[in-house]
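In the numbering used here, the protein residues as written are 16 to 250. The beta carbon of each residue, even a glycine, is placed where N, CA and C say it ideally should be.
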Ligand code: DX5
Ligand code: ZN
């Protein structure tokens, strides 16, 4: 007798984001050479990371513009990494289908621009991908409290979104501890902005397990060494 899986169970099985409980480094492409993105992503994949963080900016929610589903769809053919897309755009619900079609494994959206996070998270799950809720540095933890348990990841911004290479904001990182208390051990807490071998142990010490690093990796000629330096600092 064949096994008939429900759409929900199948979607559950398709999710590729590593389960919470391990420290993962997610290189952010923002400081990579955009003219050779596939090669740049290939280098961090070879260095052993599981996730690549794709920063999508619309020039409206943030004062910068990067890439969209067209470029991500092309990159998909060159990489088997988990595509962690960070949508810094004003209407993520409107464009989600395009990103899903392009092959992202995960969408993180900003709580500041989504009036109904419950429905949006459900939509992403039904499509078989994981969902992340992001808070800007000035957004209080209370804003996500009601929805946090529905998500697979909470993304804490430790810089104002828009640009790579900014300085880490400790006061924003201080939200990690209360968020960990709210979500427990089974939801990833990702930190984005100013992460390097000095700040990574601070945020893992507070309860984060997913470290986005752009400048600290892609400004170095040897990406594998840069990744290893961050890993080592967290041990
Ligand atoms: C900032 C982006 C980040 C950025 C982090 O708006 O969301 O992902 O690339 O860059 P670094 O690691 O250079 O602070
Ligand atoms: Zn990001």
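| Query | Result |
| --- | --- |
| Can you give me the Cβ contacts of residue 17 inside the same chain, cut-off strictly under 7 Å, excluding the 5 residues immediately before and after it? | Summary for residue 17: the model assigns pLDDT 43, below 50, so the residue's position carries little reliability, and this model does not support an answer. |
| How big is the Cα-Cα spacing for residue 237 and residue 31? | 27 Å |
| Mind checking whether residue 205 and residue 173 have CB atoms under 8 Å apart? | no |
| Quick one: Cα of residue 72 to Cα of residue 25, how far? | 31 Å |
| Taking the alpha-carbon positions, what's the residue 27 to residue 130 distance? | 25 Å |
| DSSP beta-bridge partners for residue 66? | 97 |
| So what does residue 124 bridge to, in DSSP terms? | 102 and 148 |
| Strictly by DSSP, which residues pair up with residue 221? | Its beta-bridge partners do not exist; DSSP assigns none. |
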